[in-house]
Amino acid sequence: MNKKLRLNVQNSIITIEEAALWATTLFTAINPIHDQISEPLKKFIYDYKGDRDGEIESEIAAGVKAGLFESKFDFFDQDNTAVRGLREFCTAAVLEVAKHVNGQFWQEDGKCSLEFHESWFHITNHGGQHEFHYHSNCSWCGIYYVEIGDATMENGCNRFFDPRTAAHGYSDYGTAYISENSRFNTTPKNGNLVIFPSYLYHSAAPYEGAQDRIVVSFNSSIHHEP
């Protein structure tokens, strides 16, 4: 609900109305079968990686990635029961989010399908990180925590940044609501899926731990089904 502010100026009441515009919403969902698929997922991921370290197998934007292994971008196409289970969970969650935010704009039947353009995993340790970036040519993206290891809000978290780039070109006391609220750190949690719009800049903070940090990420698009 939009707020109304009232103040008295020269014995007259002035009403100021607020319109909250263009909010950016991020969603999280816990996979109810994570405990069943986590070990098979990790085994498949480590078998896939083999003895390769620090390789960006996708060869995409290698300059902003360090200290991690990145698979090719076809992870959800792999013939593996645990991978299929994760794909089904991510599909259902993203479609529900898309229906929620688009409900008033979609046709009455609301029939739609999801396409994964890319899907991949990262194994990160020893200060590995993924610098500030966004994802193009898709609508909804996701990061799924297979194994957080020793990740915390500061060690290996995913950090999201205010997309209003022009808002940060000037700062004074009147813009504290912008400068003091310019980023959001996710709380790493095993089995948690973070769903976000593709335009949202984000990063993976440097990670160091006794265990590897493993995430699966994806880019997707939504299509109307006639």
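One point on numbering: in this note's numbering, the residue at position 208 of the sequence shown is 287, and numbering is uninterrupted. We put the CB at the ideal spot given by N, CA and C, even for glycine.
Pick from the options that is closest to residue i, judged by C-alpha positions
i      : options                        : result
Pro242 : Ala140, Tyr213, Glu287         : Tyr213
Tyr125 : Glu149, Gln115, Thr104         : Glu149
Arg166 : Ser215, Gln290, Asn298, Lys144 : Asn298
Pro305 : Phe184, Phe154, Lys190         : Lys190
Trp219 : Asn234, Phe275, Val180, Ala102 : Phe275
Gly146 : Ile95, Asp156, Arg131, Phe155  : Arg131
Ala108 : Pro267, Tyr252, Ser277, Lys128 : Pro267
Glu97  : Ser91, Arg85, Ile257, Thr104   : Arg85
Met232 : Tyr286, Tyr280, Lys144, Phe195 : Tyr286
His281 : Asn181, Lys144, Lys128         : Lys144
Ser277 : Ser91, Leu120, Asn87, Phe106   : Phe106
Glu226 : Asp114, Gly129, Ser91          : Asp114
Beta-carbon gap between residue i and residue j smaller than 8 Å
i      : j      : result
Gly248 : Gly288 : no
Glu210 : Phe152 : no
Asn204 : Asp291 : yes
Gln208 : Ala284 : yes
Asn110 : Gly270 : yes
Glu176 : Tyr224 : This sequence places Val at residue 176; Glu is not what is there. In this structure, Tyr224 does not lie closer than 8 Å to Val176 by Cβ.
Phe195 : Phe155 : yes
Thr56  : Leu279 : Because the chain spans 80 through 305 in this model, residue 56 falls outside it and cannot be assessed.
Nearest-angstrom Cα separation, counted from residue j out to residue i
i      : j      : result
Lys178 : Gln89  : 49 Å
Gln186 : Ile93  : 41 Å
Ile301 : Glu134 : 31 Å
Ala260 : Phe240 : In the sequence on display, residue 260 carries Asn and not Ala. Approximately 9 Å, taken between the alpha carbons.
Thr254 : Ile116 : 46 Å
Gly235 : Arg262 : 15 Å
Leu272 : Gln183 : 25 Å
Ala230 : Ala245 : 32 Å
Ser296 : Asn237 : 12 Å
Ser137 : Arg163 : 21 Å
Ile95  : Ser258 : 24 Å
Thr265 : Ser250 : 26 Å
Asp188 : Gly206 : 48 Å
Ser112 : Tyr256 : Here the sequence assigns Ile to residue 112, which means Ser is not the residue at that position. Going by the C-alpha atoms only, they are around 39 Å apart.
Leu193 : Tyr252 : 44 Å
Gln157 : Val180 : 30 Å
Lys82  : Leu120 : 47 Å
Gly129 : Gly142 : 23 Å
Residue burial classification, residue i (beta-carbon count within 10 angstroms, cutoff 16)
i      : result
Trp67  : An answer regarding residue 67 cannot be provided, because it is not within the stretch 80 to 305 covered by the chain.
Val173 : buried
Asn159 : buried
Ala161 : buried
Leu100 : exposed
Lys122 : exposed
Ile202 : buried
Glu118 : exposed
His303 : exposed
Per DSSP, cross-strand counterpart(s) of residue i
i      : result
Asp153 : Ser198
Cys220 : Phe275, Asn298
Ile293 : Ile202, Glu226
Ile93  : Leu86
Gln208 : Ala145
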